[in-house]
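Have a look at the structure below, then the notes.
In the working numbering, the protein residues as written are -14 to 113.
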C-alpha cells in the first residue's frame, strides 16, 4: 500500500494527513501525538476512528496541523484520519459514519454585526 492523503477541517483548524502502513506512530508537525496533545481526552478524540476499526497498530500517520485551538485541531484530525481510512478500505465507511466520524461539523463562529458589540449582544439600552 502506498500513502493515502486526506484533509479534515473544524472551525479554523485544518489537518492534512498522510497514512502509510506501519506500527501505529502518529506524528503531528514533526512531534509525537502525546507531546503535541498532552491531554488524554484529545488523544482519545484523535484515535477514535482507528480504535473503532481496531487498526491502532496498522498505520503510521504523518499530520500537518494549523489554525484553530486544541479541540478544533483534534476534531479536524479525527475527520482527516477517518477520510483516509475510507480511502484505504471503502467498506469501513458505514462503521465510521454510524459513529459520526465522517461528518464535517459545520458550526463556525458567527460574524460580528455593525452597531453591536458582538454577533448577537446589544449595547445596554436606557429608557430615560
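Cβ coordinates follow ideal geometry from the N, Cα and C atoms, glycine included. Remember, predicted model here, so these are calculated numbers, not experimental data.
The alpha helix (DSSP H) enclosing residue 64, as first and last residue numbers
Boundaries of the alpha helix (DSSP H) around residue 64: 55 to 73.
The beta strand (DSSP E) with residue 80 in it runs from where to where?
Unbroken run through residue 80 is the alpha helix (DSSP H), 78 to 84; no beta strand (DSSP E).
Classify residue 104: buried if its beta carbon has 16 or more other beta carbons within 10 angstroms, exposed otherwise.
So residue 104 counts as exposed.
Quick one: is residue 23 buried, meaning 16 or more other Cβ sit within 10 Å of its Cβ, or exposed?
By the neighbour-count rule (16 or more Cβ atoms within 10 Å), residue 23 is not buried but exposed.
Using a 10 Å radius around the Cβ and a threshold of 16 neighbouring Cβ atoms, would you call residue 26 buried or exposed?
By the Cβ-count criterion, residue 26 is exposed, with fewer than 16 other Cβ atoms from all chains shown falling within 10 Å of its own Cβ.
Assuming residue 15 and residue 45 form a contact by the criterion Cβ under 8 Å, report the distance between their Cβ atoms to the nearest whole angstrom.
Wrong, their Cβ atoms sit about 14 Å apart, outside the cutoff.
Distance between beta carbons of residue -5 and residue 53, contact taken as under 8 Å:
Taking a contact as a CB-CB distance under 8 Å, the pair residue 53 and residue -5 counts as one, their CB atoms being some 7 Å apart.
What's the C-alpha gap between residue -9 and residue 109?
Near 47 Å, if we compare the C-alpha coordinates of residue 109 and residue -9.
Return the CA-CA distance between residue 43 and residue 91, expressed in angstroms with no decimal places.
The C-alpha of residue 91 is placed about 30 Å away from the C-alpha of residue 43.
If we ignore side chains and look at the alpha-carbon of each, how far apart do residue 35 and residue 80 end up?
Using only the alpha carbons, I get a separation of about 11 Å.
Is it buried or exposed for residue 10, if we count other Cβ within 10 angstroms and need 16 for buried?
Classification for residue 10: exposed.
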